[in-house]
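Convert by adding 2 to the 1-based position in the sequence shown; the result is the number in my numbering. Inspection log for the structure reproduced underneath, given as structure tokens.
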Amino acid sequence: MPPSAQDQVIANYQAQHAALVAGDYDALAKLLSDGFTRTHFTGRTL
3 MPPSAQDQVI ANYQAQHAAL VAGDYDALAK LLSDGFTRTH FTGRTL
């Protein structure tokens with residue numbers, strides 16, 4: 003059985019977090035669509 007949509011979203015978010023922590027912006031770019039804006043709870047955007 004394929005992973006659920008929820009499992010796919012969680013896996014993508016975890017991969018985004020790992021790429022951010024590692025400073026791997028090439029990997030992050032592959033995970034996100036063009037024009038995506040991530041806003042930290044402090045208000046800082048990426």
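Backbone N, C-alpha and C define an ideal beta-carbon position, used for all residues, glycine too. All figures in this text were calculated on a predicted structure; none of them were measured in a lab.
Thinking C-alpha only, which one of P4, A7, F38 is nearest Q18?
For Q18, the nearest C-alpha among the options comes from F38.
Tell whether a beta-carbon distance below 7 angstroms holds between A29 and A21.
For the 7 angstroms CB-CB criterion, A29 and A21 form a contact.
Assuming contact is defined by CB atoms lying nearer than 7 angstroms, are L48 and R40 in contact in what I supplied?
In this structure, L48 lies near R40, with their beta-carbon atoms less than 7 angstroms apart.
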